[in-house]
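Numbering (the working numbering), first residue to last: 3 to 264.
Backbone N, C-alpha and C fix where the C-beta goes; we use that ideal spot for every residue, glycine too.
Below is one structure, written out as structure tokens; the observations come after it.
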Amino acid sequence: MDKKIKLEELSVGYDTPVVSNLSFSVEPGEIYALIGPNGAGKSTVLKTITRQLNRINGKIYISNEDESQMSEESIAKVISMVMTERIHPELMTCFDIVATGRYPYTGALGLLKEEDKAKVLESIHLVGAEAVLDKDFSKISDGQRQRVMLARAICQEPEIMILDEPTSFLDVQYKLDLLALIKRLSKERNIAVIMSIHELEFVPAIADKVVAVDGNRQVFVGTPDEIITGENMEKLYHMKPGTGEILVEGLMAYSKNIESLI
């Protein structure tokens with residue numbers, strides 16, 4: 003099967019590497035969860051994939067094409083992102099925010115055709131954000147903002163979606179709803195997803211594969227069952243010996259209980 007996105011010996015960071023020699027590939031419809039302790043370089047990896055940061059070394063391939071040889075417009079039509087940093091637009095409705103996802107197709111002036119408006123409304127409907135359609139983006143709740151930003155990403159009609167801790171700032175029900183939506187969209191629209199996530203209890207229910215990073219090295223790549231073990235968690239999060247098994251036992255029990263909800 004075609005590898006929608008492939009990282010090959012990728013090193014990322016600011017002048018000096020934060021993560022080195024990162025290699026994995028994601029197929030259409032797959033979800034990869036990026037896990038690791040705070041400061042391990044998860045967001046740096048995602049920002050490098052989306053060209054917010056320059057890579058230090060290595061390659062990124064999009065459908066077998068070297069990303070460094072692709073234009074910004076071509077990248078924007080293939081990759082969409084929802085990052086952790088909150089945006090603070092002034093006097094923009096939620097419709098306006100989602101509509102910015104059409105910029106790769108409308109150009110700098112952002113003039114929407116009827117087809118573009120239809121895509122905006124469709125995306126808002128998919129995430130269940132109709133109630134805030136005409137509301138000021140700066141005045142809605144955190145959970146509603148995350149839905150709107152996901153709608154914006156969907157509106158780009160991406161083949162690859164990059165999500166940096168999409169469940170941050172949300173209560174438990176919003177987290178479950180959002181993860182269920184991401185999983186459904188990935189499978190139904192054949193979107194390759196790479197997402198960083200702190201809540202390990204959600205990983206087995208949402209992810210096909212897990213990439214675990216810890217500082218200047220890639221630690222593990224595999225299925226959730228292969229990665230989320232007591233021994234691995236102790237190494238990754240620098241836990242005391244014996245505590246990893248207790249953690250994993252609790253995580254897996256919780257995850258089984260929510261599998262039907264995601």
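Next on the checklist: Measuring only the C-alpha atoms, how far is isoleucine 229 from serine 76?
Outcome noted: Each residue's alpha carbon lies about 34 angstroms from the other.
Next on the checklist: In the DSSP output, what is isoleucine 162 paired with across the bridge?
Outcome noted: In the DSSP output, where bridge partners are listed per residue, isoleucine 162 has Ile81, Ala194.
Next on the checklist: Quick check on the burial criterion: 16 or more other C-beta atoms within 10 angstroms. Buried or exposed for lysine 141?
Outcome noted: Residue environment: lysine 141 is assigned as exposed (fewer than 16 neighbouring CB atoms within 10 Å of its CB, all protein chains considered).
Next on the checklist: Restricting to runs no shorter than 3 residues, where is the beta strand (DSSP E) found entirely within the segment 59-105?
Outcome noted: If one requires a minimum length of 3 residues, the beta strand (DSSP E) runs lying completely within the segment 59-105 are 59-64, 81-84, in chain order.
Next on the checklist: Does isoleucine 51 pass the burial test, meaning 16 or more other C-beta atoms within 10 Å, or should it be called exposed?
Outcome noted: Within 10 angstroms of the beta-carbon of isoleucine 51 lie 16 or more other beta-carbons, which makes it buried.
Checklist entry - Among Ile7, Asp98, Tyr63, Ser65, which one has its Cα closest to the Cα of aspartate 138? => result With distances taken between Cα atoms, aspartate 138 lies closest to Asp98.
Checklist entry - DSSP state of valine 223, grouped into three classes? => result Judged by DSSP in its simplified three-state form, valine 223 adopts strand.
Item to check | Option nearest leucine 202 by Cα separation, candidates Ile193, Thr169, Ala194 | outcome: Among Ile193, Thr169, Ala194, the Cα nearest to that of leucine 202 is on Thr169.
Checklist entry - Roughly how many whole angstroms lie between the Cα atoms of arginine 92 and arginine 154? => result The question names arginine, yet the displayed sequence has glutamate at residue 92. Linking glutamate 92 to arginine 154 through their CA atoms gives a straight-line distance of about 17 angstroms.
Next on the checklist: Output needed for leucine 263: all residues of its chain with C-beta closer than 6 angstroms, excluding positions within five of it in sequence on either side, in chain order.
Outcome noted: Beyond the five residues adjoining it in sequence on each side, leucine 263 comes within less than 6 angstroms, by CB distance, of Leu178 in the same chain, given in chain order.
Next on the checklist: Does aspartate 216 come out as helix, strand or coil in the three-state DSSP assignment?
Outcome noted: Three-state result, aspartate 216: coil.
Item to check | Residue environment, leucine 181, which counts as buried when at least 16 other CB atoms sit within 10 Å | outcome: Buried, since its Cβ has 16 or more Cβ neighbours within 10 Å.
Checklist entry - Can you name, in chain order, every residue of its own chain whose Cβ lies under 7 angstroms from the Cβ of glutamate 167, other than the five neighbours on each side? => result Closer than 7 angstroms at Cβ, skipping near neighbours: Thr86, Ser198, Ile199, His200.
Checklist entry - Using the rule of at least 16 other Cβ atoms within 10 Å of the residue's Cβ for burial, across every protein chain shown, is tyrosine 34 buried or exposed? => result Buried.
Next on the checklist: Output needed for glutamate 261: all residues of its chain with C-beta closer than 7 angstroms, excluding positions within five of it in sequence on either side, in chain order.
Outcome noted: Only Ala207 meet the Cβ criterion.
Item to check | Whole-number beta carbon distance between serine 27 and serine 13, since they are thought to touch under 8 angstroms | outcome: Not quite, the Cβ-Cβ distance comes to about 17 angstroms (not below 8 angstroms), so this is no contact.
Item to check | Sub-8 angstroms separation of leucine 238 and valine 221 beta-carbons | outcome: In this structure, valine 221 lies closer than 8 angstroms to leucine 238 by Cβ.
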